[in-house]
Amino acid sequence: PWSSVAPARSPLSMQPALWLALMGVHTLVRPHCTPVTRSRVVMAAPRGRRGPPPPEHMINDAIKADELRVVVEPEDPSQPDEPLGVMSRSDALARASEAGVDLVCISPGADPPVCKIIDYGRYKFQLEKKKKAQKKATVTQALKEIKMSYTIETHDFNVRKRAAEKFLSEGNKVKAVVQFRGREMQHTSLGADLLQRLSEQLAEVGSPDGPPKQSGNRMEMYITPKPAKK
182 PWSSVAPARS PLSMQPALWL ALMGVHTLVR PHCTPVTRSR VVMAAPRGRR
232 GPPPPEHMIN DAIKADELRV VVEPEDPSQP DEPLGVMSRS DALARASEAG
282 VDLVCISPGA DPPVCKIIDY GRYKFQLEKK KKAQKKATVT QALKEIKMSY
332 TIETHDFNVR KRAAEKFLSE GNKVKAVVQF RGREMQHTSL GADLLQRLSE
382 QLAEVGSPDG PPKQSGNRME MYITPKPAKK
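Everything in the sequence shown is counted per this note's numbering, starting at 182 for the first residue and increasing by one.
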């Protein structure tokens, strides 16, 4: 059987055991056996087990400031928020409770913090809608290219025109190109006429940046999309 009492030994033989005890290492001995040492094991806390994420906004009782600058949503959404002035936290919470909505801290860094009396679900919807509108407004405009020959058939011309209409309606810029090969360079004027005809038929969705210009064996025209009608 195991015993927690070390066998009687000379003082010299006791020194290592005493040193281990002082260092926090337990010594288990078995009669007539070599002592066995066991270090103290410290279990590490499991990773990834953190508390719940902080709320996106402080609302209602989570707001701790004593004084608040309070605004309320107007009846007409197109108008700015209606200021109610600086009031105590309890008064602001009472106002929100009377209206049957929430008190949402919209600017915690201000002095005093700015809070809005509004339904929290509605407020989050407004923020998401605004974020999507900003993202849509910052979409990078792409440059789409369509190529034609000055001898293009009517059917093929209409295919290129429909493609250009699609690109322009999506907010992209179109680069229309007429390619010339060999002796076709004698007919660059026909290529310019073709590009001009294309821009006229795309007048509802785009406008040319300028007249057709020749670049080597190519005649080019850039067409910019028109703003969407509201």
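Where a beta carbon is used, it is the ideal one built from N, C-alpha and C, also for glycine.
Treat the numbers as computed from the prediction; the structure is a model and nothing was measured.
Do you know how far the Cα of residue 304 is from the Cα of residue 401? Within the sequence shown, residue 401 is the residue found at index 220, counting from 1. Within the sequence shown, residue 304 is the residue found at index 123, counting from 1. Their backbone Cα atoms lie some 49 Å apart in a straight line.
Assigned secondary structure, residue 282 (DSSP; H/G/I helix, E/B strand, else coil): The residue you call residue 282 lines up with position 101 of the sequence shown. Coil.
If you drop the 5 nearest sequence neighbours on each side, which residues of the same chain put their C-beta closer than 8 Å to that of residue 241? What you label residue 241 is simply residue 60 of the sequence shown in a count that begins at 1. Counting only Cβ-Cβ distances below 8 Å, and skipping sequence neighbours, we find 274, 277, 283 and 284.
DSSP three-state assignment for residue 332, whether helix, strand or coil: Position 151 of the sequence shown, counting from 1, holds the residue named residue 332. Here residue 332 sits in coil by DSSP.
As a quick exercise: from 357, 345, 300 and 387, pick the residue whose alpha carbon is nearest that of residue 376. Working through the sequence shown from its first residue, we reach residue 376 at position 195. Of 357, 345, 300 and 387, the residue nearest in Cα terms is 357.
Using only CA atoms, which one of 279, 372 and 244 lies nearest to residue 329? In the sequence shown, counting from the first residue as 1, residue 329 sits at position 148. Measuring C-alpha to C-alpha distances from residue 329 to each of 279, 372 and 244 identifies 372 as the nearest.
Quick one: any contact between the region 329-349 and the region 288-302, if contact means 3 or more CB pairs under 8 Å? no
Closer than 8 Å by C-beta to residue 248: which residues in its own chain qualify, once you throw out the five before and the five after it? Chain order, please. As a working note, residue 248 is residue 67 in the sequence shown. The residues 267, 268, 269, 270 and 293, in chain order, have a CB closer than 8 Å to that of residue 248 in the same chain once the five nearest residues on each side in sequence are set aside.
Same chain only: Cβ atoms within 7 Å of residue 395, ignoring 5 sequence neighbours per side: Position 214 of the sequence shown, counting from 1, holds the residue named residue 395. Cβ within range, chain order: 369.
Pick out whichever of 382, 295 and 344 has its Cα sitting closest to the Cα of residue 265. Taking the sequence shown and counting its residues from 1, the one referred to as residue 265 is at position 84. Considering only alpha carbons, the answer is 295.
According to the Cβ coordinates, are residue 407 and residue 386 closer than 8 Å? The residue you call residue 407 lines up with position 226 of the sequence shown. The residue you call residue 386 lines up with position 205 of the sequence shown. Their beta carbons are under 8 Å apart, which means residue 407 touches residue 386 by this criterion.
Just grab the DSSP bridge partners of residue 405 for me. In the sequence shown, counting from the first residue as 1, residue 405 sits at position 224. DSSP output for residue 405 lists 388 as bridge partner(s).
CA-to-CA distance, residue 263 to residue 311, given in whole angstroms: Taking the first residue of the sequence shown as 1, we reach residue 311 at position 130. Taking the first residue of the sequence shown as 1, we reach residue 263 at position 82. Each residue's alpha carbon lies about 20 Å from the other.
Could you compute how far the alpha carbon of residue 345 sits from the alpha carbon of residue 306? The residue given as residue 345 occupies position 164 in the sequence shown. The residue given as residue 306 occupies position 125 in the sequence shown. Rounded to whole angstroms, residue 345 and residue 306 show a C-alpha spacing of 36 Å.
Given a cut-off of 8 Å, decide if residue 342 and residue 379 are closer than it, judged by their beta-carbon atoms. The residue given as residue 379 occupies position 198 in the sequence shown. The residue given as residue 342 occupies position 161 in the sequence shown. The answer is yes: Cβ separation under 8 Å.
For residue 279 and residue 322, I'd like the C-alpha separation in whole angstroms. For the purposes of this step, residue 279 is identified with residue 98 of the sequence shown, where counting begins at 1. For the purposes of this step, residue 322 is identified with residue 141 of the sequence shown, where counting begins at 1. The alpha-carbon atoms of residue 279 and residue 322 are separated by roughly 49 Å.
Would you mind giving the Cβ-Cβ distance between residue 297 and residue 256, rounded to the nearest angstrom? I have them listed as a contact below 8 Å. Residue mapping note: residue 297 aligns to position 116 of the sequence shown, counting from 1. Residue mapping note: residue 256 aligns to position 75 of the sequence shown, counting from 1. About 15 Å separates the two Cβ atoms, so there is no contact after all.
Which residues mark the beginning and the end of the beta strand (DSSP E) in which residue 395 is found? Translated into the one-based positions of the sequence shown, residue 395 becomes position 214. Residue 395 -> beta strand (DSSP E) spans 394-396.
Quick check: the Cα distance between residue 243 and residue 302, rounded to an integer number of angstroms? In the sequence shown, the residue the question calls residue 243 occupies position 62. In the sequence shown, the residue the question calls residue 302 occupies position 121. Rounded to the nearest angstrom, the two C-alpha atoms are 16 Å apart.
Mind checking residue 229: buried by the 16 CB within 10 Å criterion, or exposed? Taking the sequence shown and counting its residues from 1, one reaches residue 229 at position 48. A caution first: residue 229 carries a pLDDT of 49, below 50, which makes its placement in the model unreliable, though a value can still be read off. Burial call: exposed.
What is the DSSP secondary structure of residue 246, reduced to helix, strand or coil? Residue 246 sits at position 65 when you count from the first residue of the sequence shown. It is coil, neither helix nor strand.
Are the beta-carbon atoms belonging to residue 359 and residue 331 less than 8 Å from one another? Start at 1 with the first residue of the sequence shown, and residue 359 comes out as number 178. Start at 1 with the first residue of the sequence shown, and residue 331 comes out as number 150. Yes, they are a contact pair.
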